[in-house]
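Residue numbers (the working numbering), protein chains in the order written: chain A, 1 to 319; chain B, 1 to 252; chain C, 1 to 203.
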Amino acid sequence: MHIPDGFLDTKTVIATSALSVAGVAVALRHFKAEDQPRKIPLLGLTAAFVFASQMLNFPVAGGTSGHLIGAVLTAILLGPSAAVIVITSVLVVQCFLFADGGVSALGANVFNMALVAPLVGYAIYAAMHKVYSGIRGTIVAASFASWCSAVIASVCCTGELALSGTVPWSTAFVAMTGVHALIGIGEGLITALVLAALHATRPELLRAEDESGRPGDAKTFVLYGLLVVIGLLLFVVPFASPLPDGLERVAKDLGFDYTAAKHPALPAPFGAYRFPGIAGGAASAVVSGIVGVVAVFALSVGLSFVLFPRGGKTVQQKP
Amino acid sequence: MTPAVKVENLNFSFNAGSPVLSAVTFEVPEGECLGLIGPNGAGKSTLLLHLNGILPEKKSGRPSVFIFGEPVADEGIENIRRAVGFLFQNPDDQLFCPTVYEDVAFGPKQFGMPDSHIGEIVTDALAKVGLRGFERRSPHHLSLGEKQRVCLAGILASQPKILVLDEPTSDLDPRGKRELIHLLQSIPTTKIIASHDLELIVHLCSRTLVLDNGSIVAQGGTREILSDEQLMLAHGLEKPHILQHIHPHPRT
Amino acid sequence: MHHDFLDRYSRSDSPMHRLSAGAKMSGALLLIGAIITVPLRFGWFFLLAFGGLITAARVSRVPARFLVRRLLFLEPFVAGVAVLSLLREGGWIVFAGIVVRSTLSLATILLLTNTTSFSTMLEVLRKLRISPTFITILALMYRYLFVLVDEMERMQRARMSRSFTKGDRRLWRLLSTTIGELFVRSSERAERIYAAMCARGWQ
Numbered sequence: 001m002h003i004p005d006g007f008l009d010t011k012t013v014i015a016t017s018a019l020s021v022a023g024v025a026v027a028l029r030h031f032k033a034e035d036q037p038r039k040i041p042l043l044g045l046t047a048a049f050v051f052a053s054q055m056l057n058f059p060v061a062g063g064t065s066g067h068l069i070g071a072v073l074t075a076i077l078l079g080p081s082a083a084v085i086v087i088t089s090v091l092v093v094q095c096f097l098f099a100d101g102g103v104s105a106l107g108a109n110v111f112n113m114a115l116v117a118p119l120v121g122y123a124i125y126a127a128m129h130k131v132y133s134g135i136r137g138t139i140v141a142a143s144f145a146s147w148c149s150a151v152i153a154s155v156c157c158t159g160e161l162a163l164s165g166t167v168p169w170s171t172a173f174v175a176m177t178g179v180h181a182l183i184g185i186g187e188g189l190i191t192a193l194v195l196a197a198l199h200a201t202r203p204e205l206l207r208a209e210d211e212s213g214r215p216g217d218a219k220t221f222v223l224y225g226l227l228v229v230i231g232l233l234l235f236v237v238p239f240a241s242p243l244p245d246g247l248e249r250v251a252k253d254l255g256f257d258y259t260a261a262k263h264p265a266l267p268a269p270f271g272a273y274r275f276p277g278i279a280g281g282a283a284s285a286v287v288s289g290i291v292g293v294v295a296v297f298a299l300s301v302g303l304s305f306v307l308f309p310r311g312g313k314t315v316q317q318k319p
Numbered sequence: 001m002t003p004a005v006k007v008e009n010l011n012f013s014f015n016a017g018s019p020v021l022s023a024v025t026f027e028v029p030e031g032e033c034l035g036l037i038g039p040n041g042a043g044k045s046t047l048l049l050h051l052n053g054i055l056p057e058k059k060s061g062r063p064s065v066f067i068f069g070e071p072v073a074d075e076g077i078e079n080i081r082r083a084v085g086f087l088f089q090n091p092d093d094q095l096f097c098p099t100v101y102e103d104v105a106f107g108p109k110q111f112g113m114p115d116s117h118i119g120e121i122v123t124d125a126l127a128k129v130g131l132r133g134f135e136r137r138s139p140h141h142l143s144l145g146e147k148q149r150v151c152l153a154g155i156l157a158s159q160p161k162i163l164v165l166d167e168p169t170s171d172l173d174p175r176g177k178r179e180l181i182h183l184l185q186s187i188p189t190t191k192i193i194a195s196h197d198l199e200l201i202v203h204l205c206s207r208t209l210v211l212d213n214g215s216i217v218a219q220g221g222t223r224e225i226l227s228d229e230q231l232m233l234a235h236g237l238e239k240p241h242i243l244q245h246i247h248p249h250p251r252t
Numbered sequence: 001m002h003h004d005f006l007d008r009y010s011r012s013d014s015p016m017h018r019l020s021a022g023a024k025m026s027g028a029l030l031l032i033g034a035i036i037t038v039p040l041r042f043g044w045f046f047l048l049a050f051g052g053l054i055t056a057a058r059v060s061r062v063p064a065r066f067l068v069r070r071l072l073f074l075e076p077f078v079a080g081v082a083v084l085s086l087l088r089e090g091g092w093i094v095f096a097g098i099v100v101r102s103t104l105s106l107a108t109i110l111l112l113t114n115t116t117s118f119s120t121m122l123e124v125l126r127k128l129r130i131s132p133t134f135i136t137i138l139a140l141m142y143r144y145l146f147v148l149v150d151e152m153e154r155m156q157r158a159r160m161s162r163s164f165t166k167g168d169r170r171l172w173r174l175l176s177t178t179i180g181e182l183f184v185r186s187s188e189r190a191e192r193i194y195a196a197m198c199a200r201g202w203q
């Protein structure tokens with residue numbers, strides 16, 4: 001999912017870069033406020049760890065292979081802000097030393113994989129885990145959240161590419177999301193398996209959740225939410241549903257021309273509130289999306305029972 | 001004369017576990033090289049980490065360790081760390097900067113030496129350890145012996161008054177070991193060396209402590225201690241080959 | 001894995017290498033900025049950029065074969081995504097434009113990386129007052145990257161020679177236990193590094 005140079009146009013580069021810089025700055029500030037300096041080597045080493053882990057490939061259908069992104073895994077192990085910093089470091093090194101991902105696209109890549117993936121993923125994980133605690137709950141929440149993070153990140157990526165006029169939204173969306181829905185299964189599976197392995201050998205490494213409640217936390221999460229929502233509004237929402245005319249015009253004036261990015265020959269963009277009949281292309285896309293999500297959730301639950309048929313100890317909470 | 005190191009009734013356990021160090025008491029006069037030997041798990045590394053205040057993590061109550069008379073406590077810990085140069089067992093853990101130059105310069109920079117001098121300090125330190133010209137090298141491409149010498153240079157660059165070495169020859173090949181021994185012999189600073197390598201101890205240390213199960217079970221002249229076969233075997237050690245011909249008087 | 005190949009030539013010598021890191025970094029950024037913004041119809045600009053990069057490459061004495069091989073290695077990824085652009089009307093022009101831009105940018109980065117060591121680049125960031133915490137983390141990551149990759153390879157080999165289950169289940173199990181173990185070792189190492197940093201006066 002690393003976007004190379006030359007795929008994004010100027011306005012997208014500027015928008016993504018601004019969002020990324022802001023997001024990483026928030027993460028650094030939150031990390032410094034919350035964590036002692038002793039965590040700094042841990043973040044550096046974890047970044048190296050994520051990089052090394054990404055080198056392990058797993059087979060996805062049809063001869064392609066995917067690799068772990070590790071955003072949600074890192075967020076569960078070290079906390080969301082630490083995860084943002086870690087994945088950003090990985091992307092920076094990959095960009096400059098491996099030319100994996102373009103320099104101008106660094107903003108977009110950071111936004112997708114270092115902000116949206118860990119933050120949205122962690123939010124889903126935390127919410128689910130509150131409802132379903134214990135190690136099985138951890139597995140379900142972690143695998144499902146990891147899958148979501150991969151898919152959502154790819155959707156943002158598609159949006160950025162479409163907005164730049166590089167690809168047509170409708171077909172690119174189907175292709176990218178489809179592939180990442182599959183890769184996401186691998187991501188979810190590996191995340192769950194790694195957490196299960198750690199639970200067995202070193203449960204103390206699984207970060208306790210009741211570390212929230214510090215004064216800086218609420219503000220930080222609001223800021224994160226803001227940045228993610230702005231990004232989604234810029235790169236995804238307008239494609240998924242038609243904007244009100246006024247807003248559409250304003251966007252055009254600012255250079256964000258969504259209509260031009262949609263291929264005229266293909267079916268109209270789908271909107272959640274438009275169900276012209278199940279046979280319609282748009283609605284069936286939505287239905288298949290829902291089916292996919294439910295299926296992955298069911299798989300996650302199944303996985304948790306496979307790994308922990310007898311329940312097992314709960315994740316250690318700090319005294 | 002204030003001893004370089006004074007340890008008085010040091011007790012320690014990790015997080016309310018069983019005691020790792022019990023009533024450890026000894027002194028090291030300035031200029032001496034002291035050996036610290038004992039079986040695995042005796043607590044040697046743990047003891048050494050008390051000398052520069054890495055342990056205990058929270059320092060409360062009466063200090064048990066004094067460096068040139070200064071207590072090892074939270075206040076003034078920077079001076080302690082400047083005075084005590086610590087060589088860790090695994091050079092990869094200690095060589096954490098992207099280049100040799102930056103790593104050797106790390107200590108001096110942290111201790112506030114002016115930037116203009118640092119270049120000179122680094123060059124001198126590298127020359128002392130026989131690694132002239134290695135400034136721009138990347139740590140990953142160095143041999144283990146070279147890495148260790150860079151670590152030593154980094155410590156020497158801060159001009160410590162005491163050198164503490166934790167298993168310095170583990171993983172070194174015979175040549176590396178020989179070079180290290182020569183190097184250490186040329187440095188007159190007070191030294192404390194923990195090692196399984198009894199030949200190293202014989203070569204370098206005039207006095208030796210034997211630590212077993214967290215307590216000092218013997219201390220005295222190196223030759224005397226190490227040639228006492230009964231003592232060695234009783235504490236999971238062996239009389240080193242080079243002392244095989246020595247039979248000391250039986251100890252009481 | 002050949003640990004060298006990342007920035008294999010970054011420590012050699014040439015007039016390019018001797019240029020200041022700041023100059024090279026800003027030059028590269030400006031060039032890439034231009035490459036992605038200049039409209040395609042100004043073909044001469046792209047030819048000029050191409051020529052300039054070739055000249056810089058020769059001056060830098062980085063072996064041409066190495067550069068070309070790295071470029072070719074990266075091209076399939078570019079092409080893979082670029083293919084999607086063919087789906088839209090006028091796609092061929094977009095496709096060609098992407099390939100030209102991507103390739104030129106890639107070449108720029110390759111040259112930058114192989115004439116400038118990573119730590120000098122970090123030094124530039126430090127001077128720009130970028131968060132010291134972030135820079136320390138980047139430096140540590142770079143330093144221990146190869147150490148961890150080595151460790152991982154060793155673990156993979158050890159596990160593969162010990163396990164006898166066949167097929168995919170073995171693969172997933174292998175992957176996850178390796179990753180889990182690698183994380184444990186990394187965090188333990190991080191603790192030791194922290195102790196070493198403190199021992200030398202950090203914080």
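Just so you know, even glycine gets a beta-carbon here, dropped at the ideal spot from N, CA and C.
This structure is a prediction, so every number in the text was calculated from the model and none was measured.
Inter-residue distance for C:ARG101 and C:ILE35 is about 6 Å (C-alpha atoms, whole angstroms). Between the segment 53–68 of chain C and the segment 108–116 of chain C, the count of C-beta pairs closer than 8 Å reaches three or more; the two stretches touch. Take B:SER64, set aside five residues on each side of it, and the residues of its chain with a beta-carbon closer than 7 Å to its own are VAL7, GLU8, ASN9 and LEU10, in chain order. Beta-bridge annotation (DSSP): A:ASN57 is paired with A:HIS67. Residues of the segment 140–153 of chain B with a C-beta atom less than 9 Å from some C-beta of chain C are HIS140, HIS141 and CYS151, listed in chain order.
Per DSSP, reduced to three states, the secondary structure at A:ARG310 is coil, with no helix or strand assignment. Residues LEU87 and ILE193 of the same chain have their beta carbon placed closer than 6 Å to that of B:LEU165, with the five preceding and five following residues left out of the count. By the Cβ-count criterion, A:ALA192 is buried, with 16 or more other Cβ atoms from all chains shown falling within 10 Å of its own Cβ.
Contact between B:GLN110 and C:ARG200 holds: CB atoms are separated by about 6 Å, below the 8 Å threshold. Between A:PHE239 and A:ASN109, the alpha-carbon positions lie close to 20 Å from each other. The beta-carbon separation of B:PRO71 and B:PRO29, rounded to 18 Å, does not stay under the 8 Å limit for a contact. Sequence-ordered contacts of the segment 27–44 of chain A with chain C read LEU28, LYS32, PRO37, ARG38, ILE40, PRO41, LEU42, LEU43 and GLY44 [C-beta pairs closer than 7 Å]. Around B:GLU229, the same chain offers LYS239 as residues with beta carbons nearer than 6 Å, after the five sequence neighbours per side are excluded.
For B:ASP115, no CB of chain C lies under 7 Å from its own CB, so it is not counted at the interface with that chain.
The closest CA to that of C:ARG126, considering only C:ALA21, C:SER187, C:PRO76 and C:PRO15, is found on C:ALA21. The segment 21–57 of chain B contains, as complete beta strand (DSSP E) runs of 3+ residues, the segments 33–37 (chain order). In the DSSP assignment, B:SER13 forms a beta bridge with B:PRO19.
The DSSP-derived three-state label of B:SER64 is coil.
Rounded to whole angstroms, the Cβ separation of A:ALA153 and A:VAL103 is 20 Å, and the two are not in contact under 8 Å.
Across the set B:ALA218, B:CYS151, B:SER195 and B:PRO174, the C-alpha of B:ALA218 shows the shortest separation from the C-alpha of B:ALA234. When the Cα atoms are used, B:PHE14 and B:ILE155 turn out to be separated by approximately 28 Å.
Each residue's CA atom was taken as its position, placing B:GLY69 and B:ALA83 some 12 Å apart. Burial is judged here by how many other beta carbons sit within 10 angstroms of a residue's own beta carbon; B:ASP115 has fewer than 16 and is exposed. Taken atom to atom, the span from the alpha-carbon of A:ASP100 to that of A:PRO4 is near 7 Å. No Cβ of chain C is located within less than 7 Å of the beta carbon of B:THR189. Per DSSP, the continuous alpha helix (DSSP H) segment holding B:ARG175 begins and ends at 174–185. Neighbours of A:LEU227 in chain C, taken as residues at a C-beta separation under 8 Å, are lacking, since the least C-beta distance is about 18 Å.
Distances from the CA of A:VAL13 to each of A:LEU161, A:ALA33, A:VAL296 and A:ILE40 were compared; the closest alpha carbon is that of A:LEU161. B:HIS141 counts as exposed, since fewer than 16 other C-beta atoms from the protein chains shown sit within 10 angstroms of its C-beta. With contacts defined by Cβ atoms closer than 7 Å, A:LEU198 and A:LEU205 form a contacting pair. B:LEU47 places its beta carbon 7 Å or farther from that of B:ARG207. A Cβ-Cβ contact shorter than 7 Å links A:LEU19 with A:PHE111. Around the beta carbon of C:TRP92, a 10 Å sphere encloses fewer than 16 other beta carbons of the protein chains shown; the residue is thus reported as exposed. Here C:PHE146 is buried: its Cβ has 16 or more other Cβ atoms, across all protein chains shown, within 10 Å.
For the pair of segments examined, the segment 113–128 of chain A was found to touch the segment 73–86 of chain A: the number of CB pairs separated by less than 8 Å reaches three.
Between the alpha carbons of C:LEU74 and C:ILE32 lies a distance of about 17 Å.
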